[in-house]
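Take the sequence shown: its position 136, counted from the start at 1, is 136 in UniProt numbering, and no numbers get skipped.
Written out below as structure tokens is the structure these notes cover.
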Amino acid sequence: MVRTTVQELAAAVEEPPRQYVVAHEQDQGLLAADEMPEPIPLIDLSRLTTAAAADEADKLRAALQTWGLFMVTNHGIEESLMDAMMSASREFFRQPSEEKQKCSNLIDGGGKHSEVEGYGNDEVVNQAEGLSWNDRLHLRVEPEDERNFTKWPAHPKSFRMCFLSTHQEPRE
């Protein structure tokens, strides 16, 4: 069974296939972002190295326990680098399927086994649950000795440069 990418599905249908739609009784009371009772927690990383570190650490702990996620400010990553990463990522996902499949996370030719790293979609654990309507590219950047450049895109050319701009260039 070869997996179909989200882009291939989306090009062929006007609405998501039934297996990608979560039935109302299955949604377990999940709220949309605009229905949330409070804003997503905002963590200031620069405060973690100041006298206010304990307060910010408590805020971080609470965010992880209640939300499971948080937004970060003052992380030190230049906006130009973030823009370059977003641009390279968009360019990667706009490529034809054949090009993206060169970075596939599938281990065997049959498409039944995959690994986390590489390009692909989420595995189906339970057919009764709604499937995730996404494709993703998961890559390890750190630690450097665990990078698997066979899963890194060769195109767009800017991809490796911007994601490794603060690191050593890949050796192949």
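Think of the CB as a built atom: it goes at the ideal place given N, C-alpha and C, for glycine as much as any other residue.
Asked                                                                                                                             : Found
Distance between beta carbons of Leu69 and Ala57, contact taken as under 8 Å                                                      : Ala57 to Leu69, Cβ: 16 Å. No contact.
Endpoints, alpha helix (DSSP H) assigned at Asp83                                                                                 : 79-93
DSSP state of Thr66 mapped onto helix, strand, coil                                                                               : helix
C-alpha distance - Glu91 paired with Asn134, whole-angstrom precision                                                             : 16 Å
Straight-line Cα distance separating Arg140 from residue 174                                                                      : The structure shown does not extend to residue 174, since the chain is modelled only from 1 through 172, so no value can be given for it.
Distance, Cys162 Cα to Arg136 Cα                                                                                                  : 18 Å
Contacts around Gly118, its chain only, beta-carbon distance under 6 Å, and the 5 residues preceding and following it disregarded : Cys103, Ser104, Asn105, Lys151
CB of Thr66 within 8 Å of CB of Leu42, strictly                                                                                   : no
Per-residue DSSP class, three states only, for Thr73                                                                              : strand
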